[in-house]
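Trainee: Encoded as structure tokens, here's the structure I'll be asking about.
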Amino acid sequence: MSTDPRDSRRRSVLKTFVGGVAALLGGSLAGVLGAFALPPRGREHERWLRASLLDRLTPGEPFTAVVSVPRDQGWYRERGQDVVFLIWDGVADVRALSATCTHLGCRVRWARQVGRFVCPCHGGEYDATGEVVAGPPPRGLVPVEAKIDPDSGAVMVRL
Amino acid sequence: MTRRVPDWLDERSGYRTGLRHLLDESLPPGTGWWFTLGSVLLFLLTVQLATGAFLTLYYAPTPDHAYASVRFITEDVTLGWLVRGLHYFGASFIVVFAGVHLLRVVAFGSYKRPRELTWLSGVAMLLVILAFALTGYLLPWDQRAYWATVVTINIARSAPLAGELAASILRGGAEIGALTLSRWYAVHVVLLPGVLVLLVTGHLFLMRRHGISGPIAERPGPRPLFYPEQAARDLVVILGAAAVLLALAWRGVPPLERMADPTDASYVPRPEWYFLSLFQLLKYFPGPLEPLAAHVVPALAVLALVLLPWLDRGAARDPRRRPIVMGGVGVGVLAVAVLTALGWRDRPPARDPGLLTPREIAGQVWLEAAGCATCHGNGSVAGELGRAPLSRPPFWLAAHVADPEVIAPGVREAPVVNEREIEAIVAWVRRLADGDPIPEPPARDRPGALVFARFCVGCHTIDGDGGDDGPNLSRVGATREREWLRRWITNPRDVDPDANMPAFGRQLSAEQIDTIAAYLASRR
Chain A
50 MSTDPRDSRR RSVLKTFVGG VAALLGGSLA GVLGAFALPP RGREHERWLR ASLLDRLTPG
110 EPFTAVVSVP RDQGWYRERG QDVVFLIWDG VADVRALSAT CTHLGCRVRW ARQVGRFVCP
170 CHGGEYDATG EVVAGPPPRG LVPVEAKIDP DSGAVMVRL
Chain B
58 MTRRVPDWLD ERSGYRTGLR HLLDESLPPG TGWWFTLGSV LLFLLTVQLA TGAFLTLYYA
118 PTPDHAYASV RFITEDVTLG WLVRGLHYFG ASFIVVFAGV HLLRVVAFGS YKRPRELTWL
178 SGVAMLLVIL AFALTGYLLP WDQRAYWATV VTINIARSAP LAGELAASIL RGGAEIGALT
238 LSRWYAVHVV LLPGVLVLLV TGHLFLMRRH GISGPIAERP GPRPLFYPEQ AARDLVVILG
298 AAAVLLALAW RGVPPLERMA DPTDASYVPR PEWYFLSLFQ LLKYFPGPLE PLAAHVVPAL
358 AVLALVLLPW LDRGAARDPR RRPIVMGGVG VGVLAVAVLT ALGWRDRPPA RDPGLLTPRE
418 IAGQVWLEAA GCATCHGNGS VAGELGRAPL SRPPFWLAAH VADPEVIAPG VREAPVVNER
478 EIEAIVAWVR RLADGDPIPE PPARDRPGAL VFARFCVGCH TIDGDGGDDG PNLSRVGATR
538 EREWLRRWIT NPRDVDPDAN MPAFGRQLSA EQIDTIAAYL ASRR
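Protein sequences, first through last, are from chains A and B. Number 127 in this note's numbering belongs to position 78 of the first sequence; there are no gaps in the numbering. Number 167 in this note's numbering belongs to position 110 of the second sequence; there are no gaps in the numbering.
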């Protein structure tokens, strides 16, 4: 090995160059691929979906509606199902509640005999307006926007 | 304090010794720029491996989702277009650099004893790279991919003796479809990378064992170490290659045609440029001679490469003293170059993206009339118009237009459409799915296009779309007057007693005949 100071300076410049370029290339590739791996923005948008016909609802009595919900998962399009309760005031107003328990996400059902929504998992109970009356749920059932389509008489919910 | 972690690591792993062994490779004096090509290839292979691994995050190897997932990667994933571009153009770079590396080894006589095995592992890697290219080509599942694979498999089938067996192994089933795609995918992303990593490791091991061959004429002087001087040369060339690759991936979009359609009889498949020479060669060996071009010539070329170290066993490395090898390789390179150029020139004309065919124009009108937008709108129940052709073949689309109930029960009544309208609506929706900017056709073309797409398109072609029983009418206005066309369409036998075309005087109203005659006369 030569000990000429000019040669050693040259070697240290080259070493810096090698290290710098290797870091640049590796870093850029890692950066691009890291961004690529981030979950892409979905094309998901909220839609008004048909939940039921108004004819099938009884005033004051929650009606369990199974709504077919299109879900875009990237290139894959799926039809999922969501359950909502429709509550008609008998005139022109329909309210809708999500059927998902606010405690741990189980599906609540309408128990007509007791007039309450009952969660099968941990005994949460809600009254007919969705307010918590018993058990562990921290909040009432989540309201869902609902409207009546005057042309078709269909109850539409926004999911 | 700052040394404690590395010291701790070194004590347990010995990484400093390993790194020193890697970097302090002793090189022959005069090793220069020609010996950077292997490192460039190593870099490019790393990029392919990394981008390929990440592409599998989104890619789905099934016929009904492969194409849509590739479109999704290109259009929706962050930097997806760039990652796919790097992978696509990176493949071409590897073929180019592998070729140049091979020519360097031949020119410098580096394959000679004791490096025969290094050479053989290199030839094997070249074949693996071509296998990568071939299998990767199918994965986007577009027209190009599908039809090129049809040709590839038929070539394999034409091989003597085991052709049928080879073709069935390549297909994975009775026809090209789901089993073929998943099989080629597995080979492309699991088997070949494994084989390649083994070969690269072996190649590098042998390279270190024998040392690199160095300049043709041995030079006196001290032996330099790989790091930092040769490493810096490597990185200069790598940086250059990376910059060009990035520029290509940045500017050029890898082609993605329409989704594979096995029923399309009009598609002319073409291979990737590095297979163009073989593609062109086939054209000169028609009929029974075809296996000569498809199998014998390529097999002989590979055999010559494999046997090279034993065909040329002399000690001389100077190319001037090896005229037969250099001449043979020169002729081979020239032949590949000429055939590639000829194959390139022979390409079919591309479709003019600024044109809408009459069928597409009519489809736009009929789609509106059929009320498809009620369900297919931004945010509506059904998917956006123009998304379905990404995952559905044309016959599915046609069935859906004819009766949406079949696909989405209870949604709406079937629109009243006839067969020609369905075809036109499907043509328009597929055009929407292409994702290119849609030109605005002149309003005066619309009524004529409607009549044409309804009554004429079965037998006549305009702008590349339609039947071929009757003459192509794309430029009919250049030779026929409006009045002549009106008389002809009303009853061709009034004009020419031997005419074949049926009379339309009863099927069409006088107004419709006038419209179509005016439209055709305007096509010059």
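Ideal Cβ placement from N, Cα and C applies to all residues, glycine included. These figures come from a predicted structure and were not determined experimentally.
(1) Can you give the Cα-Cα distance for Trp423(B) and Thr518(B), rounded to whole angstroms?
(2) Could you tell me whether the Cβ atoms of Tyr331(B) and Val473(B) are closer together than 8 angstroms?
(3) Judging by CA-CA distance, which residue of Phe85(A), Asp142(A), Arg99(A) and Arg126(A) is the nearest neighbour of Glu441(B)?
(4) Can you tell me whether DSSP reads Tyr324(B) as helix, strand or coil?
(5) Helix, strand or coil for Asp369(B) per DSSP?
(6) Taking three-plus beta-carbon pairs below 8 angstroms as touching, is the stretch 228-246 of chain B in contact with the stretch 368-380 of chain B?
(7) To the nearest angstrom, report how far apart Phe146(B) and Asp502(B) are at their CA atoms.
(8) Please list, in chain order, all residues of the same chain as Val208(B) whose beta carbon is under 8 angstroms from its beta carbon, the five residues on each side excluded.
(9) How long is the line joining the alpha carbons of Arg207(A) and Asp131(A), rounded to whole angstroms?
(10) Thr59(B) to Trp65(B), Cα distance in whole Å?
(11) Is Ala86(A) close to chain B? Criterion is C-beta to C-beta, closer than 8 angstroms.
(12) I'd like to know whether the C-beta atoms of Phe112(A) and Arg105(A) end up nearer to each other than 8 angstroms.
(13) Considering only residues of the same chain and omitting the five flanking positions on each side of Ala288(B), which have a CB-CB separation below 8 angstroms?
(14) Between the Cα of Lys64(A) and the Cα atoms of Val293(B), Val257(B) and Glu462(B), which residue gives the shortest distance?
(15) If contact means a Cβ-Cβ distance below 7 angstroms, which residues of the stretch 120-132 of chain A contact chain B?
(16) Taking Pro595(B) and Leu313(B) to be in contact with their CB atoms under 8 angstroms, please state how far apart those CB atoms are, rounded to whole angstroms.
(17) Taking 8 angstroms as the threshold (C-beta atoms), are Ala500(B) and Arg539(B) in contact?
(18) Please list the partners that Ala490(B) has in chain A, where partner means a Cβ-to-Cβ separation under 7 angstroms.
(19) Is Leu101(B) near Phe150(B), with beta carbons less than 8 angstroms apart?
(20) Residue range of the beta strand (DSSP E) that Glu127(A) falls in?
(21) Over the uninterrupted alpha helix (DSSP H) stretch that includes Lys29(A), give me the two end residues.
(22) Going residue by residue through the stretch 103-161 of chain B, where are the continuous beta strand (DSSP E) segments of at least 3 residues, counting only ones entirely within it?
(23) Is it true that the CB of Arg449(B) sits closer than 8 angstroms to the CB of Tyr522(B)?
(24) How big is the Cα-Cα spacing for Met50(A) and Ser61(A)?
(25) Under 8 angstroms between C-beta atoms, does Phe111(B) make it to chain A?
(26) Please state whether DSSP places Tyr582(B) in a helix, a strand or coil.
(27) Taking three-plus beta-carbon pairs below 8 angstroms as touching, is the stretch 309-324 of chain B in contact with the stretch 111-131 of chain B?
(28) Can you give the beta carbon distance from Leu190(A) to Tyr175(A), rounded, assuming they're within the 8 angstroms contact cut?
(29) Check the C-beta distance from Ala84(A) over to Phe111(B) and give it rounded, since I have them as a contact under 8 angstroms.
(30) Can you tell me which residues form a DSSP beta bridge with Arg99(A)?
(31) Along chain A, in chain order, which residues have C-beta atoms closer than 7 angstroms to that of Pro285(B)?
(32) From the DSSP output, in three-state form, read off Gln122(A) for me.
(33) Have a look at Gln122(A) and Ala439(B) and give me their C-alpha separation to the nearest angstrom.
(34) Among residues of its own chain, excluding the 5 on either side of Val185(B), which ones have a beta-carbon nearer than 8 angstroms to its beta-carbon?
(35) Three-state secondary structure (DSSP) at Tyr175(A)?
(36) At a CB distance below 9 angstroms, what residues from the stretch 94-121 of chain B approach chain A? Give them in sequence order.
Mentor: The relevant details are as follows:
(1) Locating residue 423(B) in the second sequence gives position 366, where the first residue counts as 1. Locating residue 518(B) in the second sequence gives position 461, where the first residue counts as 1. Approximately 20 angstroms between the Cα atoms of the pair.
(2) Here residue 331(B) is taken as the residue at index 274 of the second sequence, counted from 1. Here residue 473(B) is taken as the residue at index 416 of the second sequence, counted from 1. Going by C-beta atoms, Tyr331(B) is not nearer than 8 angstroms to Val473(B).
(3) Here the question's residue 441(B) lines up with position 384 in the second sequence. With distances taken between CA atoms, Glu441(B) lies nearest to Arg126(A) out of Phe85(A), Asp142(A), Arg99(A) and Arg126(A).
(4) As a first step, residue 324(B) is located in the second sequence; it is residue number 267 there, counting from the start. The answer is coil: DSSP assigns Tyr324(B) none of H, G, I, E or B.
(5) Sequence index remark: in the second sequence, residue 369(B) carries index 312 (1-based). Coil, per DSSP.
(6) Taking a cut-off of 8 angstroms for Cβ pairs, the stretch 228-246 of chain B and the stretch 368-380 of chain B do not touch, as fewer than three such pairs fall below it.
(7) To locate residue 146(B), count along the second sequence from 1; it is residue 89. To locate residue 502(B), count along the second sequence from 1; it is residue 445. Taking C-alpha positions only, Phe146(B) is separated from Asp502(B) by approximately 41 angstroms.
(8) Start at 1 with the first residue of the second sequence, and residue 208(B) comes out as number 151. Closer than 8 angstroms at Cβ, skipping near neighbours: Pro326 and Pro328.
(9) The count along the first sequence starts at 1 and reaches residue 207(A) at position 158. The count along the first sequence starts at 1 and reaches residue 131(A) at position 82. Distance between Arg207(A) and Asp131(A), taken at the CA atoms: about 11 angstroms.
(10) Taking the second sequence and counting its residues from 1, the one referred to as residue 59(B) is at position 2. Taking the second sequence and counting its residues from 1, the one referred to as residue 65(B) is at position 8. Taking the straight line from one Cα to the other gives about 11 angstroms.
(11) Sequence index remark: in the first sequence, residue 86(A) carries index 37 (1-based). The Cβ of Ala86(A) sits closer than 8 angstroms to at least one Cβ of chain B.
(12) Within the first sequence, the letter at position 63 stands for residue 112(A). Within the first sequence, the letter at position 56 stands for residue 105(A). Judged by beta-carbon spacing, Arg105(A) lies within the 8 angstroms limit of Phe112(A), meaning their Cβ atoms are closer than that value.
(13) Working through the second sequence from its first residue, we reach residue 288(B) at position 231. Taken in chain order, the residues that qualify are Leu80.
(14) Mapped onto the first sequence, residue 64(A) falls at position 15. Out of Val293(B), Val257(B) and Glu462(B), Val293(B) has the C-alpha closest to the C-alpha of Lys64(A).
(15) Sequence-ordered contacts of the stretch 120-132 of chain A with chain B read Gly123, Trp124, Tyr125 and Arg126 [C-beta pairs closer than 7 angstroms].
(16) Missing from the structure shown is residue 595(B); chain B here goes from 58 to 581 and no further.
(17) Here residue 539(B) corresponds to residue number 482 of the second sequence, with the count starting at 1. Here residue 500(B) corresponds to residue number 443 of the second sequence, with the count starting at 1. A distance of 8 angstroms or more separates the beta carbons of Arg539(B) and Ala500(B).
(18) In the second sequence, counting from the first residue as 1, residue 490(B) sits at position 433. What Ala490(B) touches in chain A: nothing, since even the nearest Cβ is about 13 angstroms away.
(19) Locating residue 101(B) in the second sequence gives position 44, where the first residue counts as 1. Locating residue 150(B) in the second sequence gives position 93, where the first residue counts as 1. The Cβ atoms of Leu101(B) and Phe150(B) lie closer than 8 angstroms to each other.
(20) As a first step, residue 127(A) must be located in the first sequence, where it is residue number 78. If you look at Glu127(A), you'll find it in the beta strand (DSSP E) that goes Tyr125 to Trp137.
(21) A query on residue 29(A) cannot be resolved here, the shown segment of chain A reaching from 50 to 208 and no further.
(22) Within the stretch 103-161 of chain B, complete beta strand (DSSP E) segments of at least 3 residues are not found at all.
(23) Along the second sequence, read from residue 1 onward, the residue named residue 522(B) stands at position 465. Along the second sequence, read from residue 1 onward, the residue named residue 449(B) stands at position 392. Checking the sequence, you will find Asp at residue 522(B) rather than Tyr. No, Cβ-Cβ distance for Asp522(B) and Arg449(B) is not below 8 angstroms.
(24) For the purposes of this step, residue 50(A) is taken as residue 1 along the first sequence, with counting starting at 1. For the purposes of this step, residue 61(A) is taken as residue 12 along the first sequence, with counting starting at 1. Confidence at Met50(A) is low in this model, with a pLDDT of 48, below 50, so the placement of that residue is unreliable and no value is reported for it.
(25) On the second sequence, residue 111(B) is found 54 positions in, with the first residue counted as 1. Judged by the 8 angstroms Cβ criterion, Phe111(B) is in contact with chain A.
(26) Here chain B comprises residues numbered 58 to 581, so residue 582(B) is not present and cannot be evaluated.
(27) The answer is yes - the stretch 111-131 of chain B touches the stretch 309-324 of chain B, with three or more Cβ pairs under 8 angstroms.
(28) For the purposes of this step, residue 190(A) is identified with residue 141 of the first sequence, where counting begins at 1. For the purposes of this step, residue 175(A) is identified with residue 126 of the first sequence, where counting begins at 1. Confirmed, about 5 angstroms.
(29) In the first sequence, residue 84(A) corresponds to position 35, counting from 1. In the second sequence, residue 111(B) corresponds to position 54, counting from 1. So it is not a contact: roughly 10 angstroms between Cβ atoms.
(30) For the purposes of this step, residue 99(A) is taken as the residue at position 50 of the first sequence. Residue pairing by DSSP places Arg99(A) opposite Met205(A) in a beta bridge.
(31) Counting from one through the second sequence, the residue named residue 285(B) turns up at place 228. One finds Arg60, Leu63, Lys64 and Val67 in chain A with Cβ atoms closer than 7 angstroms to the Cβ of Pro285(B), taken in chain order.
(32) Taking the first sequence and counting its residues from 1, one reaches residue 122(A) at position 73. The answer is strand: DSSP assigns Gln122(A) an E or B state.
(33) If you number the first sequence from 1, residue 122(A) lands on position 73. If you number the second sequence from 1, residue 439(B) lands on position 382. Gln122(A) and Ala439(B): Cα-Cα distance of roughly 14 angstroms.
(34) Here the question's residue 185(B) lines up with position 128 in the second sequence. So the qualifying residues of the chain are Leu249, Val252, Leu253 and Leu256.
(35) Walking along the first sequence from the start, residue 175(A) turns up at place 126. Note: Tyr175(A) maps to strand in three-state DSSP.
(36) Listed by position along the chain: Phe100, Thr103, Val104, Ala107, Thr108, Ala110, Phe111, Leu112, Leu114, Tyr115 and Ala117.
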